[in-house]
Structures are given as structure tokens and as C-alpha cells.
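Each remark here refers to the structure printed beneath this line.
Chains as they are written, first to last, in the numbering used here: chain A, 51 to 323; chain U, 2 to 116.
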């Protein structure tokens with residue numbers, strides 16, 4: 051009996067060992083110490099090589115893929131139409147060509163906050179657009195229309211991201227969130243979208259989790275919606291705490307997704323289920 | 002300075018620009034409309050009033066081609082495809098009206114080769 055109590059780890063130690071994040075941090079620190087600066091200076095590897103990247107449309111049913119490919123059947127193009135009119139009225143004076151505006155977003159600003167397509171349009175709307183001082187509400191029709199048109203104008207352009215983004219606090223917070231096990235189902239974003247893409251959860255194919263199709267028309271919503279709204283739906287699906295739409299972690303997650311999807315062509319406005 | 006878009010304001014009516022006489026082709030109509038059922042509530046908990054498109058008509062040169070009394074038979078942002086054939090060139094026009102009285106219309110021109 052005495053021997054047994056010595057050999058078996060106590061309950062407290064067992065619990066301690068189960069905390070994998072801490073364990074891997076220890077391991078990482080050990081690696082850094084043992085091999086010196088060479089390991090630390092390596093760029094952080096991405097879950098998918100550029101040749102392996104597949105957008106969300108790849109994992110949709112053929113019916114939805116067809117609907118997305120045909121602009122006359124894609125309902126999101128109706129928002130693009132009204133967005134074009136708004137852009138020509140309010141934005142054209144400064145931005146003569148909307149092409150390429152969306153593919154460089156999201157990005158980290160000097161103030162260390164993350165600028166997304168929505169926040170960037172609202173920043174213009176509240177400071178520069180003549181006769182307007184109030185930003186658009188998230189998921190409001192004019193903001194959806196403008197984001198749809200600006201994202202549509204960058205269609206087929208590759209997602210760009212600053213090379214030093216991994217050193218920003220915003221990216222690091224988002225990476226921690228992406229890998230954190232949370233919710234009643236013990237899921238993490240990474241567990242499915244980094245490792246199980248192409249497999250199924252219940253009847254649905256798991257995508258690689260890229261945001262290049264957004265704002266997208268979701269048949270679930272029966273309307274166009276932003277990536278912000280989609281991410282909140284992810285948290286809801288994981289049965290985890292759903293952040294408020296204004297929570298900065300959502301913008302930071304958009305940044306992290308863009309880093310994962312770097313080089314993937316934008317396909318907004320996409321059709322998703 | 003926002004411009005609230007009226008339900009049913011935006012639409013696309015798509016038909017081929019050039020067709021052969023008596024060649025069958027598709028006329029496709031896509032309307033931006035929420036088709037509210039009246040069963041939903043908004044973020045503040047207030048019921049959203051029912052508002053669906055009541056009638057849709059597609060005409061060719063003022064001649065009725067297709068008419069539907071659709072109401073809740075269609076999902077949001079309805080898409081309708083009508084197949085037809087022509088012997089003379091002309092313009093298709095689609096009209097619709099919803100329960101709140103918002104009306105919309107759009108048109109598409111088709112030219113028949115040699116007619």
C-alpha cells in the first residue's frame with residue numbers, strides 16, 4: 051500500500067498534467083533554451099501550406115457552389131448593386147478605384163487595434179464623408195452593401211497580410227483564442243479547422259475556416275452577413291460564451307484568419323449554408 | 002446619411018441579349034426582399050411585422066407572360082426562372098408588390114436575330 055501511494059500520481063498532479071496548454075508552453079520554452087535563437091527566429095508555421103489552401107466554397111454542396119459562381123443567381127449581388135451606388139456617392143472622391151482595398155484588410159493599426167473592412171468603412175463614414183458624423187450600425191443594410199461592394203471589387207485578389215503581424219499582441223491574443231478549448235462540447239477552433247478539414251461533424255463538412263468569402267450570403271440567415279456575425283455564430287455553435295459584436299477579440303480573430311489564409315484569393319460575396 | 006433601402010427595391014432580371022427565333026431560353030428574376038413571416042422578433046424583442054411579396058408579374062411588350070400570387074410560398078430574396086421563346090424582339094418587364102405596398106419593377110431587352 052505504501053508503495054502504491056508512492057507510484058501513483060496524486061489527483062492534484064494528474065489534473066496538472068492534463069493542462070495541455072501549459073505543458074506545451076513548457077516544452078516550447080525548453081526548445082528555445084536548448085537550441086537557442088535559431089528555433090525562436092523561425093517563422094511560425096501555418097496550418098496549411100499555400101498549395102493546400104481551400105476556400106469555404108470547396109466544402110459546400112454543388113448547388114451552393116453553382117449559385118455562388120453565377121452572379122445572376124447569387125443573391126448577395128443585390129447588395130453589391132446598392133453598395134456600388136453608395137460607394138459612388140460617398141467614397142469615389144478619395145478612392146477612385148475600389149480594387150485592392152479589401153485584400154489588405156484586416157490589418158493592425160498604429161494604435162494596436164485591428165482595422166477590419168467594416169471598421170475601416172465606418173472610420174471613413176464618421177470622419178471624412180461629407181455631411182455624416184455617425185458610423186453605420188453593424189449588420190445594417192448600408193454597411194453590408196458597402197462591404198459587399200468593396201470586397202467584391204477585390205475578387206480574385208490574394209489575401210495580403212503584413213509579415214510582422216505575428217509579433218503583434220492582437221495576433222497573439224487571437225491565436226490563443228483560436229487554440230483555446232471552450233464551450234460545453236470541449237471544442238476549439240483549431241481542433242476542427244486546423245486538423246479535421248474535409249471530415250464531417252454531423253452532416254456538415256468541416257471547412258478550413260477561412261474568411262475570404264465574407265461578407266457572404268448564408269442560407270441559414272437568408273441574408274448577407276459579416277465575418278463578425280459568422281464568428282459569433284461559431285461561438286454559439288461551440289456552445290461557448292458568445293462575445294458581443296463590438297468585442298475586439300472578433301476583429302483580432304479576423305486578423306488571425308487572414309494570416310492563416312494568406313495567398314488565398316478573395317471570393318466575396320460568397321454563398322454559404 | 003444612410004439610405005435605407007426599401008424592401009424589393011433592388012432586383013436583377015436576366016435574359017440573353019441575342020436569341021434565335023423560337024429558341025427556348027430562361028428569363029431569371031432575383032428580388033432583394035426579406036419576405037418577413039411575422040413570426041420573428043428583432044433584437045429588442047419586438048415582433049417584426051409580416052411583409053411578403055404578394056404578386057409578381059413578368060410581361061413581354063405589355064403582354065402577360067407569367068403571374069404569381071406568391072406570399073409565403075417563397076423564401077427571402079426570391080428567385081424565379083421562366084422559360085420562353087420569342088419570334089420578335091422586345092423588352093421583358095417584371096413588376097411586384099408587397100404587403101406594405103412597396104412596388105418595384107425592372108426590365109431586360111432581348112433581340113431576336115433576323116426579326
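Here a beta-carbon is modelled for each residue, glycine too, at the ideal position from N, C-alpha and C.
Inset, instruction - Compute the Euclidean distance between the alpha carbons of residue 104 of chain U and residue 294 of chain A, then round it to the nearest angstrom. - result: Numbered from 1 along the second chain, position 103 holds the residue referred to as residue 104 of chain U. Numbered from 1 along the first chain, position 244 holds the residue referred to as residue 294 of chain A. Looking at the two C-alpha atoms, the distance is approximately 37 Å.
Inset, instruction - State yes or no: is the beta carbon of residue 2 of chain U nearer than 7 Å to at least one beta carbon in chain A? - result: Your numbering for residue 2 of chain U matches position 1 in the second chain. Here residue 2 of chain U scores only 30 on pLDDT, less than 50, and its place in the model should not be relied on; the value that follows carries that caveat. For residue 2 of chain U, the nearest CB of chain A lies under 7 Å from its own CB, placing it at the interface with that chain.
Inset, instruction - Just tell me which of A/189, A/101 and A/179 has its CA closest to the CA of residue 144 of chain A. - result: Your numbering for residue 144 of chain A matches position 94 in the first chain. Answer by Cα proximity: A/179.
Inset, instruction - Please compile the residues from chain A whose C-beta is within a distance smaller than 9 Å of the C-beta of residue 76 of chain U. - result: Counting from 1 along the second chain, the entry for residue 76 of chain U is found at position 75. Neighbours of residue 76 of chain U in chain A, taken as residues at a C-beta separation under 9 Å, are given in chain order as 269 and 272.
Inset, instruction - Measure the C-alpha to C-alpha separation of residue 237 of chain A and residue 244 of chain A and round it to an integer number of angstroms. - result: The residue given as residue 237 of chain A occupies position 187 in the first chain. The residue given as residue 244 of chain A occupies position 194 in the first chain. C-alpha of residue 237 of chain A to C-alpha of residue 244 of chain A: approximately 12 Å in a straight line.
Legend entry - residue 15 of chain U at chain A interface by Cβ criterion, 7 Å: For the purposes of this step, residue 15 of chain U is taken as the residue at position 14 of the second chain. Cβ-Cβ to chain A under 7 Å: yes for residue 15 of chain U.
Inset, instruction - For residue 170 of chain A, go through chain U and note every residue whose CB falls closer than 8 Å to its CB, in chain order. - result: On the first chain, position 120 is the one that residue 170 of chain A refers to. Contact note: residue 170 of chain A does not reach chain U at a C-beta cutoff of 8 Å; the least C-beta distance is about 17 Å.
Legend entry - Neighbourhood of residue 72 of chain A by C-beta, 6 Å cutoff - its chain only, sequence neighbours within 5 removed: Start at 1 with the first residue of the first chain, and residue 72 of chain A comes out as number 22. With a pLDDT of only 47 at residue 72 of chain A, under the threshold of 50, the placement of this residue in the model should not be trusted; the figure read from the coordinates follows. Around residue 72 of chain A: no qualifying Cβ.
Inset, instruction - Give me the Cα-Cα distance between residue 321 of chain A and residue 123 of chain A, rounded to the nearest whole angstrom. - result: Position 271 of the first chain, counted from the start, is the residue given in the question as residue 321 of chain A. Position 73 of the first chain, counted from the start, is the residue given in the question as residue 123 of chain A. Spanning the alpha carbons of residue 321 of chain A and residue 123 of chain A requires a straight line of approximately 10 Å.
Legend entry - Segment contact, 8 Å Cβ cut-off, at least three pairs: the segment 152 to 166 of chain A with the segment 214 to 229 of chain A: In short, these stretches touch, since the Cβ pair count reaches three.
Inset, instruction - With distances taken Cα to Cα, identify the nearest neighbour of residue 21 of chain U among U/93, U/88, U/109 and U/96. - result: Taking the second chain and counting its residues from 1, one reaches residue 21 of chain U at position 20. Looking at the Cα atoms, U/88 is the closest of the given residues.
Inset, instruction - Would you mind giving the Cβ-Cβ distance between residue 93 of chain U and residue 80 of chain U, rounded to the nearest angstrom? I have them listed as a contact below 8 Å. - result: Residue mapping note: residue 93 of chain U aligns to position 92 of the second chain, counting from 1. Residue mapping note: residue 80 of chain U aligns to position 79 of the second chain, counting from 1. That belief does not hold up - the Cβ atoms of residue 93 of chain U and residue 80 of chain U are roughly 16 Å apart, past 8 Å.
Inset, instruction - Would you give the residue range spanned by the beta strand (DSSP E) that residue 99 of chain U belongs to? - result: As a working note, residue 99 of chain U is residue 98 in the second chain. For residue 99 of chain U, the uninterrupted beta strand (DSSP E) run begins and ends at 91 to 99, by DSSP.
Legend entry - Cα-Cα separation, residue 17 of chain U to residue 66 of chain U: By one-based count along the second chain, residue 17 of chain U stands at place 16. By one-based count along the second chain, residue 66 of chain U stands at place 65. C-alpha separation (whole angstroms): 17 Å.
Inset, instruction - Measuring alpha carbon to alpha carbon, tell me which of U/114, U/101, U/84 and U/113 ends up nearest residue 60 of chain U. - result: As a first step, residue 60 of chain U is located in the second chain; it is residue number 59 there, counting from the start. Selected option, being the one with the closest Cα: U/84.
Legend entry - Residue-chain proximity (residue 100 of chain U, chain A), Cβ-Cβ < 7 Å: As a first step, residue 100 of chain U is located in the second chain; it is residue number 99 there, counting from the start. Contact of residue 100 of chain U with chain A is not assigned, every C-beta pair being separated by 7 Å or more.
Inset, instruction - Within the same chain, show all residues whose beta-carbon is closer than 6 Å to that of residue 7 of chain U, passing over the 5 residues directly before and after it, in chain order. - result: Position 6 of the second chain, counted from the start, is the residue given in the question as residue 7 of chain U. Once the five neighbours on either side are set aside, the close Cβ partners of residue 7 of chain U are 103.
Legend entry - the segment 115 to 131 of chain A: positions lying closer than 8 Å to chain U by Cβ: Listed in sequence order: 122, 123, 125, 127, 128, 129 and 131.
Legend entry - Neighbourhood of residue 33 of chain U by C-beta, 8 Å cutoff - its chain only, sequence neighbours within 5 removed: In the second chain, the residue the question calls residue 33 of chain U occupies position 32. Annotation for residue 33 of chain U: 6, 8, 9, 10, 11, 12 and 78 place their beta carbon closer than 8 Å to its own, counting only its chain and skipping 5 residues before and after.
Inset, instruction - Anything in chain A within Cβ reach of residue 52 of chain U, meaning under 7 Å, just list it in chain order. - result: The count along the second chain starts at 1 and reaches residue 52 of chain U at position 51. Under the 7 Å cutoff, chain A gives no residues; its nearest Cβ is about 14 Å from residue 52 of chain U.
Inset, instruction - Please go through the segment 10 to 34 of chain U and give each complete alpha helix (DSSP H) segment of 4 or more residues, from N-terminal end onward. - result: Qualifying alpha helix (DSSP H) stretches: none in this window.
Inset, instruction - Compare the C-beta of residue 29 of chain U with all C-beta atoms of chain A and state if any pair is closer than 7 Å. - result: Sequence index remark: in the second chain, residue 29 of chain U carries index 28 (1-based). True, the Cβ-Cβ gap to chain A drops below 7 Å.
Legend entry - Cβ of residue 73 of chain U within 7 Å of any chain A Cβ: Reading the second chain from its first residue, position 72 is the one you call residue 73 of chain U. At least 7 Å separates the CB of residue 73 of chain U from every CB of chain A.
Legend entry - Burial state of residue 336 of chain A, where buried means 16 or more other Cβ atoms lie within 10 Å: Past the boundaries of the shown model lies residue 336 of chain A; chain A is included only from 51 to 323, so the question cannot be answered.
Legend entry - Range of the contiguous alpha helix (DSSP H) that encloses residue 82 of chain U: In the second chain, the residue the question calls residue 82 of chain U occupies position 81. Element bounds for residue 82 of chain U: not the alpha helix (DSSP H) but the beta strand (DSSP E), 80 to 85.
Legend entry - Nearest to residue 56 of chain U (by Cα), restricted to the options U/74, U/86 and U/27: Here residue 56 of chain U refers to the residue found at position 55 when the second chain is read from its first residue. Ranking U/74, U/86 and U/27 by Cα distance to residue 56 of chain U puts U/74 first.
Legend entry - Minimum Cβ-Cβ distance from residue 103 of chain U to chain A less than 7 Å: Residue mapping note: residue 103 of chain U aligns to position 102 of the second chain, counting from 1. Not an interface residue.
Legend entry - C-beta atoms of residue 318 of chain A and residue 201 of chain A nearer than 7 Å: Along the first chain, one-based indexing puts residue 318 of chain A at 268. Along the first chain, one-based indexing puts residue 201 of chain A at 151. Yes, these two residues count as a Cβ contact at 7 Å.
Legend entry - DSSP-derived helix/strand/coil call for residue 52 of chain U: Taking the second chain and counting its residues from 1, one reaches residue 52 of chain U at position 51. In the three-state DSSP reduction, residue 52 of chain U falls in the strand class (E or B).
Legend entry - Closest Cα partner of residue 255 of chain A within the set A/140, A/323 and A/119: On the first chain, residue 255 of chain A is found 205 positions in, with the first residue counted as 1. Ranking the options by Cα distance to residue 255 of chain A, first place goes to A/323.
Inset, instruction - Can you tell me which of the three DSSP states residue 86 of chain A falls into? - result: Mapped onto the first chain, residue 86 of chain A falls at position 36. Residue placement at residue 86 of chain A cannot be trusted, given a pLDDT of 44 that sits under 50; what the coordinates show is reported in the next sentence. It is coil, neither helix nor strand.
Legend entry - C-beta neighbour in chain A for residue 11 of chain U, strict 7 Å: By one-based count along the second chain, residue 11 of chain U stands at place 10. Yes, its Cβ sits closer than 7 Å to a Cβ of chain A.
Legend entry - Contact set for residue 197 of chain A: own chain, Cβ-Cβ below 7 Å, skip 5 residues either direction: Taking the first chain and counting its residues from 1, the one referred to as residue 197 of chain A is at position 147. Once the five neighbours on either side are set aside, the close Cβ partners of residue 197 of chain A are 167, 168, 171, 265 and 276.
Inset, instruction - Report the option in A/282, A/139 and A/152 whose CA atom is closest to the CA atom of residue 210 of chain A. - result: For the purposes of this step, residue 210 of chain A is taken as residue 160 along the first chain, with counting starting at 1. Of the candidates A/282, A/139 and A/152, the residue whose Cα lies closest to the Cα of residue 210 of chain A is A/152.
Legend entry - Burial state of residue 113 of chain A (16 or more Cβ within 10 Å): Counting from one through the first chain, the residue named residue 113 of chain A turns up at place 63. Classification of residue 113 of chain A: exposed, given that the 10 Å Cβ count is below 16.
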